[in-house]
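Chemist:
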Ligand SMILES: [Zn+2]
Ligand SMILES: [Zn+2]
Ligand SMILES: [Zn+2]
């Protein structure tokens, strides 16, 4: 262990390799441990909203005088960030508009820079942990290989001036390690803020019935119990979005993490039926009609994701795609079916982007109840949905609906984030303000 982790120890988890387990009891909401990031990077699109060094969210941050792109709380944060920021500061000036490394490349550059300074100061335990991280470079399919080749090209192009870029095969391994072990840092509404590596958190195995949840305080990760735990219980997080039925979850786990889950929920599939709920009709719908629609839904989700990632399609077109697919699927699927929920969630996001609160509320209200039934009891997907809706209501002066939603969010976040987290302090102010 790198940090202080009293009550938690490493062990060999049967069938899963190493893992973490508790050596004493933990109650729901109790902090197991917190873990500073080994390395982290703020997303380019969040620049100006967060301090690059401490990830404090506030107004009036001061910018780097040289590149004018990085923002800090004060001179102390700027100084603290310089060993990492110097990898990018002058390169951003030199490349101008053409400076566009992926977030993955940016994080790997920081890991390499950190490894180098640590080697100079004698190897520490953390380098070992990074070296120990699992790599699945040999399992990667062509699509992934192409992606990591593009990342590697980006490393050479944007960082070689300030960094000794290691040889190709070592880089492939490092990118693969970070792909499997990296964590995306998200805010209270689950917006992506940055990416980080937490060696101790990377030891935690996956379950679709997680015993703990990971939240972020600044750049540190905090691990809290979402189930009562007794001594000897394994610490388990979810690596994936738990909304989807068992087959989809395991496809995702195999694609990204190269294993199949054997948790209780994957064995008994107790929620699959509700997740794939079919519209009530006088004549029962034929099984092949349902399976065709599932195929259509998965295809639409993939296509929408690709379109959204390229961000070439205008929002109105994205919204139309959502509405069309909802109409198509709605002939067979119930509104609470997860594929319907998926497209409604996307539609809500587009409405928020288009600053259409009424549209966003309409989708959000349909999503909320099935979300709270299909996700585990303390889920950030559910709390962030309550938050978004609550804030939309408040913005439209619908105070009682707003308060009700915000209080629901607060109940989940007090367990997941801890009662003294800055998000909860902000939230209490929002509720008191009315
Ligand atoms: Zn700061
Ligand atoms: Zn700068
Ligand atoms: Zn599972």
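Numbering (our numbering), first residue to last: 47 to 480. Here a beta-carbon is modelled for each residue, glycine too, at the ideal position from N, C-alpha and C. As the structure is a computational prediction, the values presented were derived from the model and not from experiment.
Can you tell me whether residue 81 is helix, strand or coil according to DSSP?
Modeler: It is a strand residue.
Chemist: I want to check one thing, is the minimum distance from the CB of residue 300 to the heavy atoms of ligand 3 below 7 Å?
Modeler: No, the Cβ of residue 300 stays beyond 7 Å of every heavy atom of ligand 3.
Chemist: With H, G and I counted as helix, E and B as strand and the rest as coil, what does DSSP make of residue 242?
Modeler: Residue 242 falls in the strand class under three-state DSSP.
Chemist: In angstroms, rounded to a whole number, what distance separates the CA positions of residue 449 and residue 412?
Modeler: About 18 Å.
Chemist: In terms of residues, what are the limits of the beta strand (DSSP E) holding residue 481?
Modeler: For residue 481 there is no data in the structure shown, the boundaries of the chain being 47 and 480.
Chemist: I'd like to know whether the C-beta atoms of residue 209 and residue 158 end up nearer to each other than 8 Å.
Modeler: Cβ atoms of residue 209 and residue 158: closer than 8 Å.
Chemist: Can you give me the start and stop residues for the beta strand (DSSP E) that residue 231 sits inside?
Modeler: 228 to 232 is the span of the beta strand (DSSP E), which, as asked, contains residue 231.
Chemist: Can you say whether residue 419 is buried or exposed, counting buried as having 16 or more other CB atoms within 10 angstroms of its CB?
Modeler: Burial call: exposed.
Chemist: Assuming residue 464 contacts residue 270 (C-beta within less than 8 Å), just tell me the rounded distance between them.
Modeler: Yes, residue 464 and residue 270 are in contact; Cβ-Cβ is about 7 Å, under 8 Å.
Chemist: Just to confirm my understanding: we take residue 325, look at its own chain, exclude 5 residues before and 5 after, and list those with CB closer than 8 Å. What are they?
Modeler: Taken in chain order, the residues that qualify are 331, 376, 377, 378, 379 and 380.
Chemist: For ligand 1, which residues have a Cβ under 7 Å from at least one heavy atom, in chain order?
Modeler: Here the residues come out as 97, 99, 100, 102, 118, 119, 120 and 123.
Chemist: What does the alpha-carbon distance come out to for the pair residue 223 and residue 249?
Modeler: So the two alpha carbons sit approximately 13 Å from each other.
Chemist: Kindly indicate which residue of 62, 425 and 57 has the alpha-carbon position closest to the one of residue 303.
Modeler: Out of 62, 425 and 57, 62 has the C-alpha closest to the C-alpha of residue 303.
Chemist: For residue 286, report the span of its beta strand (DSSP E) as first-last.
Modeler: Where residue 286 is concerned, there is no enclosing beta strand (DSSP E), given that its DSSP letter is neither H nor E.
Chemist: What does DSSP give as the partner residues of residue 269 in its beta bridges?
Modeler: The partner list for residue 269 (beta bridge, DSSP) reads 79 and 260.
Chemist: If distances are taken between C-alpha atoms only, which option among 238, 277, 444 and 64 comes closest to residue 430?
Modeler: Measuring from the Cα of residue 430, the nearest candidate turns out to be 238.
Chemist: Quick check on DSSP: helix, strand or coil for residue 463?
Modeler: Residue 463 falls in the coil class under three-state DSSP.
Chemist: Going by DSSP, what residues sit across from residue 389 in a beta bridge?
Modeler: Answer is none; residue 389 lacks a bridge partner.
Chemist: Please say whether residue 97 and residue 84 have beta carbons closer to each other than 8 Å?
Modeler: The answer is no: Cβ separation not under 8 Å.
Chemist: So is residue 259 buried or exposed if we call it buried at 16+ other beta carbons inside 10 Å?
Modeler: It is buried - the Cβ of residue 259 has at least 16 other Cβ atoms within 10 Å.
Chemist: Rounding to the nearest angstrom, what Cα-Cα distance links residue 168 and residue 245 in this structure?
Modeler: Here the model assigns residue 168 a pLDDT of 48, short of 50, so the residue's position is not dependable and the matter cannot be decided.
Chemist: Check for me: the beta strand (DSSP E) holding residue 68 runs from which residue to which?
Modeler: Run containing residue 68: 63 to 68, per the beta strand (DSSP E) assignment.
Chemist: Does the segment 50 to 61 touch the segment 201 to 216, meaning 3 or more C-beta pairs lie closer than 8 Å?
Modeler: No: the two stretches stay apart, fewer than three of their Cβ pairs being nearer than 8 Å.
Chemist: Does residue 173 come out as helix, strand or coil in the three-state DSSP assignment?
Modeler: A caution first: residue 173 carries a pLDDT of 43, below 50, which makes its placement in the model too unreliable to give a value.
Chemist: When the Cα of residue 544 is compared with those of 147, 458, 452 and 467, which residue comes out closest?
Modeler: Only positions 47 to 480 of the chain appear in the structure, and residue 544 is not among them; the question remains open.
Chemist: By alpha-carbon positions, which one of 470, 102 and 265 ends up nearest to residue 80?
Modeler: The residue with the shortest Cα to Cα distance from residue 80 is 265.
Chemist: Which of the three DSSP states, helix, strand or coil, is assigned to residue 275?
Modeler: Residue state, collapsed to three classes: strand.
Chemist: Run through the DSSP bridge pairs and tell me what residue 474 is partnered with.
Modeler: Answer is none; residue 474 lacks a bridge partner.
Chemist: Answer yes or no: the CB of residue 368 versus the heavy atoms of ligand 3, is any distance below 7 Å?
Modeler: Not under cutoff, so the answer is no.
Chemist: Alpha carbon to alpha carbon, what distance is there between residue 193 and residue 214?
Modeler: Cα-Cα distance, rounded: 14 Å.
Chemist: How is residue 280 classed by DSSP in three states: helix, strand or coil?
Modeler: In the structure shown, residue 280 sits in a strand (DSSP, three-state: E or B).
Chemist: Just to confirm my understanding: we take residue 439, look at its own chain, exclude 5 residues before and 5 after, and list those with CB closer than 8 Å. What are they?
Modeler: So the qualifying residues of the chain are 407, 445, 447, 448 and 451.
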